[in-house]
Amino acid sequence: MFPTVARLSKASRRPLTSKKGNKDFYKGTRQAFLPGGHRTGAPGKHVVRGKAKYRLIDEKVRVFVAPSISEIINSPLKPYVSTAVNLKKSEERAAYGRFREPGGLTPQHYLQLLRKNAQEEHLKLLQEKRIAAAGGPEVSSPTMAKLGGLMEKNVQGHIEPAFVSLLPATRTPQLATPAQIHFRLCPRQSYNNTYM
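Quick note: our numbering has the sequence shown finishing at residue 1575, numbered continuously throughout.
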């Protein structure tokens, strides 16, 4: 084994960040070319005796080079938040997608979607059972596999029995209220709210 060569060690690597570089590392604002030279550091000095305790020095105050205000106003580029932008009706609705309410997803709309999805899952499950009972080919659908896996976990005690009522079964699914769903998903928080 040979010792590390000094010129290949970490000490000789060039700094790659602006914090380790020189004052003119970032050239985007061209501060070195403004009147007064470099405008880095404090923009003034503290005054011990005087009415104002801190005095600004004009040569040290940072200046940002920007286009004229008329160019900024007439530019097609606008900030993310602007009072001058008028949206069309379709653009206003696009932010909410399928949720037509101004507040987004409401509890009523959530229950409506839950019922619709539960009915579709229930119909798929019934159709798969009819095909299997009629002696058709064995269909290993993801719905049956998912339901079977959840039932096995429930038997082993890995998930709460309350979740089974939300799963599509051979009978019409019993849908829970938002409070019941919240209790099943966040039992600790519900206990704290109930007993404390």
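Where a beta carbon is used, it is the ideal one built from N, C-alpha and C, also for glycine.
Asked, Found
"Residue burial classification, Leu1492 (beta-carbon count within 10 angstroms, cutoff 16)", "exposed"
"Other residues of its chain near Ala1445: CB distance less than 8 Å, five sequence neighbours each side excluded", "Ile1451"
"Where Arg1509 sits in the DSSP three-state scheme", "helix"
"Own chain, CB closer than 7 Å to Leu1435, minus 5 neighbours either side, in chain order", "Pro1422, Gly1423"
"Classification of Leu1504 by the beta-carbon crowding that lies within 10 angstroms, buried from 16 upward", "buried"
"Through-space distance from His1425 to Tyr1459, alpha-carbon basis", "39 Å"
"Reduced DSSP category for Tyr1459 - H, G, I as helix; E, B as strand; rest coil", "coil"
"Three-state secondary structure assigned by DSSP to Leu1435", "strand"
"Ser1447 to Lys1468 span [Cα, whole Å]", "34 Å"
"Residue(s) in a DSSP beta bridge with Lys1424", "Arg1434"
"Inter-residue Cα distance where the pair is Ala1511 and Glu1499", "19 Å"
"For Pro1486, three-class secondary structure by DSSP", "helix"
"C-beta atoms of Lys1432 and Gly1420 nearer than 8 Å", "no"
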